[in-house]
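Residue numbers (our numbering): 7 to 466.
Beta carbons: idealized from backbone N, C-alpha and C, even for Gly.
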Ligand code: FCB
């Protein structure tokens, strides 16, 4: 009998999907993204509307996740619902979140709760948001309130989602609210978000000493267009350093990389202020030196021609599908932090409306995770972005990341093939040969080839 090949994941590995409040709940009209939409800034001109209807019926989608035998689910709380006006606490909103979390637990899914995922109440934004250090205390007060109210239902927290994307898109590129283009302010916002994370970390630690608390940067790789060109290497290195790694370094040491440290104050109390490293990874870009592009730090970014890629999106932000990149990021995070904390992949996903690349992409990315595990990197879980199609920020409904398709007009759900495949992987806690044969037979050799073993047991 020929032996079946399998990539088995460690016992207790968390399998889930990730989502955010504004993108899924619907009816959030009191945050700065709603105002952005009302100002006509969504590139598709669409409205979030009912989102994926989670405020009314998230449990129906939780049931779908349960059927996929997910054992975890990441969602976020909408601060603008919990504290609609400064100092006014809405207990009905907290009750709704309590119901959602209780439902997840009943279904055997561990909730990972994000406390800030791009949106904040209008009153907070209008006071200058995270551009003002003095405003951090509002965030910490809200965090203390919700953690106290939910601590019997959740002990796994993610303070701030992608501080680098929030700061860069909102304050440097002007593509997200508040639409500013000010370099210094962007770095100040980045710094204040990290300080807010640190202070939220200690606030949660006091309320719930056993909690697991972290944050997640968006890691994007920037590789030189021509690896033999010193100039391409230099500009790619600059993008790589300042987009991804400066943030991790600040989180670890409290100090920002030169020359950012000349522009912003160091963090207070950063060292040790996280229990895990969250990793959001989607894509990489190539960078070519271009003296005519000072605004892009003299590096023109582009997608390698001819590669498998995402539907690019209206803002062209979703590029190459590059699984090796996930391995590289996991390894780099591990090495740069000297293995001091476990890692969770808090987001990884694909914009693929037709679902004709996603099954293969998921398999390749999970094989990359497995490779990292085989190297001894303590990856504890994988949250796929995302369970159901949802309102994809500036791309509106024109970017489709869901394992399950949604028609936003009718709220009808149609599971994509990827949903059944993800379910099979979670159920098996493994990538089996049968799964690869059913969903992407063309990559069987590359998936199993690298690790020519059978039944490789991993313990982390
Ligand atoms: C990430 C965001 C998430 C979603 C995915 C596609 O940068 O955190 O909300 O938009 O990209």
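State buried or exposed for residue i, treating a residue as buried only when at least 16 other CB atoms are found within 10 Å of its CB.
{"i": "residue 22", "result": "buried"}
{"i": "residue 259", "result": "exposed"}
{"i": "residue 264", "result": "exposed"}
{"i": "residue 154", "result": "exposed"}
{"i": "residue 326", "result": "buried"}
{"i": "residue 313", "result": "exposed"}
{"i": "residue 170", "result": "buried"}
{"i": "residue 268", "result": "exposed"}
{"i": "residue 552", "result": "Residue 552 lies beyond the residue range present for the chain, which begins at 7 and ends at 466; the question has no answer from this structure."}
{"i": "residue 420", "result": "exposed"}
{"i": "residue 257", "result": "buried"}
{"i": "residue 300", "result": "exposed"}
{"i": "residue 138", "result": "exposed"}
{"i": "residue 20", "result": "buried"}
{"i": "residue 495", "result": "Here the chain covers residues 7 to 466 and nothing more, so residue 495 does not appear."}
{"i": "residue 132", "result": "exposed"}
{"i": "residue 284", "result": "buried"}
{"i": "residue 126", "result": "buried"}
{"i": "residue 45", "result": "exposed"}
{"i": "residue 60", "result": "buried"}
{"i": "residue 275", "result": "exposed"}
{"i": "residue 54", "result": "buried"}
{"i": "residue 77", "result": "buried"}
{"i": "residue 422", "result": "buried"}
{"i": "residue 395", "result": "buried"}
{"i": "residue 460", "result": "Note that residue 460 scores 44 on pLDDT, short of 50, meaning its location in the model is unreliable and no value can be drawn from it."}
{"i": "residue 201", "result": "buried"}
{"i": "residue 357", "result": "buried"}
{"i": "residue 322", "result": "exposed"}
So residue i and residue j are in contact, right, with Cβ under 8 angstroms, and what is the actual spacing, rounded?
{"i": "residue 317", "j": "residue 308", "result": "Going by Cβ atoms, the distance from residue 317 to residue 308 rounds to 17 angstroms, so no, they are not a contact pair."}
{"i": "residue 471", "j": "residue 57", "result": "With the chain running from 7 to 466 in the structure shown, residue 471 is simply not present."}
{"i": "residue 166", "j": "residue 196", "result": "The Cβ separation is near 11 angstroms, so there is no contact."}
{"i": "residue 303", "j": "residue 231", "result": "So it is not a contact: roughly 15 angstroms between Cβ atoms."}
{"i": "residue 123", "j": "residue 145", "result": "In fact, because the Cβ distance is near 13 angstroms, the residues do not count as touching under 8 angstroms."}
{"i": "residue 70", "j": "residue 379", "result": "The Cβ separation is near 27 angstroms, so there is no contact."}
{"i": "residue 354", "j": "residue 390", "result": "6 angstroms"}
{"i": "residue 110", "j": "residue 79", "result": "6 angstroms"}
{"i": "residue 34", "j": "residue 128", "result": "The pair is not a contact, with the Cβ atoms about 11 angstroms apart (cut-off 8 angstroms)."}
{"i": "residue 225", "j": "residue 282", "result": "Not a contact, Cβ separation roughly 15 angstroms."}
{"i": "residue 29", "j": "residue 397", "result": "5 angstroms"}
Check whether the Cβ of residue i sits closer than 8 angstroms to any heavy atom of ligand 2, and report yes or no.
{"i": "residue 214", "result": "In terms of ligand content, the structure shown lacks ligand 2 and carries ligand 1 instead."}
Given 8 angstroms as the limit, is there contact between the region 427-446 and the region 330-350, that is, 3 or more CB pairs closer than that?
The region 427-446 makes no contact with the region 330-350; the number of CB pairs closer than 8 angstroms stays below 3.
Report yes or no: do the region 154-168 and the region 112-120 share at least 3 C-beta pairs separated by less than 8 angstroms?
With a cut-off of 8 angstroms, the region 112-120 and the region 154-168 count as touching, because enough Cβ pairs lie within range.
Closer than 8 angstroms is the cut-off here; do at least three beta carbon pairs connect the region 234-246 with the region 174-187?
The region 234-246 vs the region 174-187: no contact.
Which full runs of the alpha helix (DSSP H) of 4+ residues lie inside the region 251-324, going along the chain?
Listed in chain order, they are 252-259, 266-269.
Please specify which runs of the alpha helix (DSSP H), each continuous and at least 4 residues long, are wholly inside the region 385-454, giving them in chain order.
The DSSP assignment places 423-434, 439-445 as complete runs of the alpha helix (DSSP H) inside the region 385-454, in order along the chain (cut-off: 4 residues).
Which parts of the region 14-76 are runs of the beta strand (DSSP E), unbroken and 3 residues or longer, counting only runs that do not cross its ends?
Listed in chain order, they are 20-24.
Take every Cβ of the region 446-453, pair it with every Cβ of the region 83-101, and state whether three or more of those distances are shorter than 8 angstroms.
Under the 8 angstroms Cβ criterion, the region 446-453 does not count as touching the region 83-101, having fewer than three qualifying pairs.
Check whether the region 33-48 and the region 371-386 touch, using three or more Cβ-Cβ pairs below 8 angstroms as the test.
Taking a contact to require three or more Cβ pairs closer than 8 angstroms, the region 33-48 and the region 371-386 do not qualify as touching.
Check whether the region 326-340 and the region 404-419 are in contact - that is, three or more C-beta pairs closer than 8 angstroms.
No: fewer than three Cβ pairs fall under 8 angstroms.
Ranges of the beta strand (DSSP E) found wholly within the region 153-234, counting only runs of at least 3
Qualifying beta strand (DSSP E) stretches, in chain order: 162-167, 218-222, 224-230.
Check whether the region 180-191 and the region 208-224 are in contact - that is, three or more C-beta pairs closer than 8 angstroms.
Remark: fewer than three beta-carbon pairs, one from each stretch, lie closer than 8 angstroms, so the region 180-191 and the region 208-224 are not flagged as touching.
Inspect the CB distances between the region 364-371 and the region 241-255 and report whether three or more fall short of 8 angstroms.
In short, these stretches do not touch, since the Cβ pair count stays below three.
Inter-stretch contact at 8 angstroms, needing at least 3 Cβ pairs: the region 179-186 / the region 214-222:
Between the region 179-186 and the region 214-222, the count of Cβ pairs shorter than 8 angstroms is below three; the stretches do not touch.
Segments assigned beta strand (DSSP E), at least 3 residues, entirely inside the region 109-142:
For the region 109-142, whole beta strand (DSSP E) runs of length 3 or above, ordered along the chain, are 116-122.
At what residue ranges does the region 345-384 contain a whole run of the alpha helix (DSSP H), taking only runs of 4 or more?
You should have 364-380.
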